[in-house]
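Participant: Whatever position you read off the sequence shown (first residue = 1), add 80 for the working numbering.
Please see the structure below; I have some questions.
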Amino acid sequence: MTNYDVLVIGAGFAGAVTAGELARRGGKRVLVLERRGHVGGNAYDRLDPFGVLIHQYGPHIFHTNDRRVFDYLSQYTAWNGYQHRVVANVPDESGKPHQRRQYPVPFNLTSLEEAFGEAEGKRLGEKLMAAYGAEKKVTILELRQNPDPEISALADYVYDHVFVRYTMKQWGQRPEDIDPNTTARVPIFLSRDDRYFQDQYQGLPTEGYTPIFEKILDHPNITVETDCDALERLTLADGAVCLDGERFDGPVIYTGQADELFGFRFGPLPYRTLDFEFETWVERVPGRLTPRGCVAMSEGDFYQTHGTVNYTVDRPYTRITEFKHMTLQELPGVTTIVKEFSKPYSAAPGEIPYYAIINAGNNALYAQYQAEAERYPGLYLLGRLAEYKYYNMDAIVGRALTLADELLGV
Ligand code: FAD
Ligand code: UDP
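In structure tokens, the structure reads:
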């Protein structure tokens with residue numbers, strides 16, 4: 081192992097960015113071990129057999145206010161300027177079967193008018209702005225605390241139509257029983273801005289995410305081994321890390337599950353996983369998209385109106401994403417969508433732990449693993465899995481840059 085100065089486990093954003101920076105800025109020789117057959121972690125994208133650029137592990141929209149993160153990634157990609165817009169798709173309450181309505185999510189001033197009619201929606205919007213201020217974001221849990229009967233009735237409406245059933249599908253729990261920061265990611269927004277994110281920098285990489293990883297990791301000081309489960313080659317004992325039976329004294333940056341690293345000795349950390357169902361629709365009759373021979377409802381080259389449509393009231397899946405809206409790929413007559421079905425992570429073969437379930441009990445369990453990791457002076461837990469946090473891509477890139485600074489003494 082004397083050939084390498086640093087060992088990185090996982091080639092998602094956490095691992096790739098750290099490896100790239102230590103190699104480029106520090107001249108370090110880095111070995112990256114990745115369990116999957118590709119780099120990119122959950123941000124991995126690829127062309128499907130129909131030539132549609134898809135995100136294999138669910139839709140990834142880059143957004144940040146962190147200038148350093150944006151500038152860093154912009155060395156490796158240009159951006160397509162896509163602004164994410166999401167609608168909630170709900171059954172129409174008129175009782176007509178198959179009749180559905182859509183309104184913007186985060187629920188905003190336009191959503192109010194869609195839900196309650198123009199005049200009533202406007203009046204309610206003004207009332208909310210008088211209470212909280214124009215352009216303000218209010219979480220659903222906060223709105224439900226409002227003592228004004230009209231505002232609290234409105235809060236109940238939004239809770240019922242946007243949050244409760246989607247959250248039950250996604251987490252198996254009600255909004256008030258999960259970490260409040262989770263529903264706070266999608267607040268009620270007292271604005272006409274119907275974008276999902278208001279961050280200064282957002283978009284998708286023009287050529288996709290995977291080339292970013294390939295470029296970051298393409299450096300003479302970096303060796304990447306895919307299809308390699310690091311835990312089959314690592315042993316941790318008495319404060320020392322060994323790789324392939326030899327002691328490794330350099331930094332070890334671990335971006336996998338903390339519980340797995342230590343053989344689940346304090347018990348497994350709970351996660352949610354997702355089943356993704358991809359469907360490709362092709363235009364056989366002009367103006368009609370058809371999946372496997374059925375006639376579709378939508379027209380033209382697109383399956384749905386927006387990049388992501390959330391099913392906040394019914395349907396077994398949480399949301400449907402249509403990649404072409406987001407990637408801006410020009411591909412007439414064919415489109416691929418993905419439906420997301422959430423369930424508890426059971427560690428069955430092939431299952432991926434996508435979401436940490438943040439609560440006091442699970443955080444305390446995680447803290448035991450973290451304390452164990454601290455017994456190894458060169459070991460760093462970094463990333464959404466290793467830190468057991470609900471991090472977006474930009475947060476992970478920012479943390480990786482900071483860890484690289486720290487290791488390089490910057
Ligand atoms: P990962 O991407 O999970 O990478 C960890 C890597 O470590 C994996 O490749 C894994 O195979 C590897 N690994 C684990 N154990 C081992 C081992 N023993 N040996 C070798 N390799 C190992 N963020 C956004 O900013 N915008 C979005 O729109 C967005 N959408 C998302 C949608 C979904 C469905 C999900 C699940 C996440 C989304 N995210 C989004 C979050 C984003 O995926 C994460 O912030 C980011 O991928 C975290 O990077 P990471 O390197 O920490 O983890
Ligand atoms: N949420 C909801 N209805 C929606 C959108 C979000 O109830 O239409 C809640 C739900 O609990 C979800 C959380 O807000 O898990 C965070 O949503 P986000 O879109 O940020 O989730 P992610 O893209 O990370 O899965």
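All C-beta atoms, glycine included, are put in the ideal place defined by N, C-alpha and C.
Spell out a yes or no on whether the segment 189-209 and the segment 409-422 are touching, meaning 3 or more CB-CB pairs, one atom from each, closer than 8 Å.
Facilitator: no
Participant: Out of Asn439, Ile432, Leu87 and Met473, which one is the CA nearest neighbour of Gln337?
Facilitator: Ile432
Participant: Would you say Gln182 and Thr385 are within 8 Å of each other, going by their C-beta atoms?
Facilitator: yes
Participant: Taking CB distances under 8 Å as the criterion, tell me whether Asn122 reaches chain C.
Facilitator: Although the question refers to chain C, the structure presented lacks it and comprises just one protein chain.
Participant: Just to confirm, is the Cβ distance from Val97 to Ala475 under 8 Å?
Facilitator: no
Participant: What is the DSSP secondary structure of Lys217, counted as helix, strand or coil?
Facilitator: Three-state result, Lys217: strand.
Participant: At the level of alpha carbons, what is the spacing between Glu402 and Asn472?
Facilitator: 20 Å
Participant: Tell me where the beta strand (DSSP E) around Val170 begins and ends.
Facilitator: Val166 to Pro171
Participant: Got a sec, what are the start and stop residues for the alpha helix (DSSP H) Ile231 sits in?
Facilitator: From DSSP, the alpha helix (DSSP H) with Ile231 extends over Pro229 to Val238.
Participant: Quick one, are the C-beta atoms of Ile141 and Gln282 less than 8 Å apart?
Facilitator: yes
Participant: What does Val332 pair with, by DSSP beta-bridge criteria?
Facilitator: Leu87 and Leu459
Participant: Considering only their Cβ atoms, is the gap separating Arg180 from Asn188 smaller than 8 Å?
Facilitator: no
Participant: Using DSSP bridges, identify the partner residues of Arg254.
Facilitator: BP columns for Arg254 are empty, so no partner.
Participant: In angstroms, rounded to a whole number, what distance separates the CA positions of Phe130 and Pro300?
Facilitator: Their backbone Cα atoms lie some 35 Å apart in a straight line.
Participant: In its own chain, which residues sit with a C-beta less than 6 Å from the C-beta of Leu192, not counting the 5 before and 5 after it?
Facilitator: Gly201, Leu204 and Gly205
Participant: Out of curiosity, what's the CA-to-CA distance linking Ala484 and Lys404?
Facilitator: 35 Å
Participant: Taking only runs that begin and end inside the segment 282-329, name each unbroken alpha helix (DSSP H) of 4 or more residues, in chain order.
Facilitator: 290-297
Participant: Can you give the Cα-Cα distance for Asp309 and Arg115, rounded to whole angstroms?
Facilitator: 4 Å
Participant: Following a CB-centred definition, is Leu297 positioned closer than 7 Å to any heavy atom of ligand 1?
Facilitator: no
Participant: Short of 6 Å in beta carbon distance, which residues of its chain neighbour Gly478, apart from the five on each side in sequence? Order them along the chain.
Facilitator: Asp146 and Val149
Participant: For the alpha helix (DSSP H) holding Pro129, just list the boundary residues, first then last.
Facilitator: Here Pro129 belongs to no alpha helix (DSSP H), and DSSP marks it neither H nor E.
Participant: Taking 8 Å as the cut-off, decide whether the C-beta atoms of Tyr491 and Val110 are in contact.
Facilitator: With the chain represented from 81 up to 490, any question about residue 491 goes unanswered, as that position is not in the structure.
Participant: Beta-carbon within less than 7 Å of Val242's beta-carbon, same chain only, minus the 5 sequence neighbours each way: which residues are those?
Facilitator: Ala168, Val185, Phe187 and Thr392
Participant: Should the segment 329-349 be called in touch with the segment 446-464, which here means at least 3 C-beta pairs below 8 Å?
Facilitator: yes
Participant: Which ranges would you report for the beta strand (DSSP E) in the segment 135-163 if only whole runs of at least 3 residues count?
Facilitator: Segments of the beta strand (DSSP E) lying fully in the segment 135-163: 142-144.
Participant: Does the distance from the CB of Tyr468 to the CB of Phe346 come in under 8 Å?
Facilitator: no
Participant: Determine the extent of the beta strand (DSSP E) in which Val414 is found, giving its start and end residues.
Facilitator: Val414 -> beta strand (DSSP E) spans Val414 to Pro424.
Participant: Buried or exposed: where does Gly120 fall if 16 or more other Cβ atoms within 10 Å of its Cβ makes it buried?
Facilitator: buried
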